[in-house]
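Residue numbers (the working numbering): 180 to 244.
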C-alpha cells in the first residue's frame, strides 16, 4: 500500500524527484521506496540539529539511494 502511494506521487521519470530525510522511519521508508521506483536517481535532503542529531541515520539512508 505504501509503495503504491509513493508511486502515485512520482508522476514522470523525466523530472527530478527528491525527499526530505529526517532520520525517522517514515521518511526513510518513503525515500527507499522512491529510490527503488526511479532506479536510484533520487535527490535527498536532510537537516542536522545539535540538540537532536540524526545525521548518522540520514547519511545511512542517503547512501542507500
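We treat Cβ as the ideally placed atom computed from N, Cα and C, and that holds for glycine.
* **Residue environment, residue 197, which counts as buried when at least 16 other CB atoms sit within 10 Å** => exposed
* Put residue 196 into one of helix, strand or coil per three-state DSSP. => strand
* Asked: Are residue 237 and residue 202 close, meaning C-beta to C-beta below 7 angstroms?
  -> yes
* To do: Could you tell me the distance, in whole angstroms, from the CA atom of residue 231 to the CA atom of residue 225?
  => 13 angstroms
* **C-beta contact flag for residue 221 and residue 189 at 7 angstroms** => no
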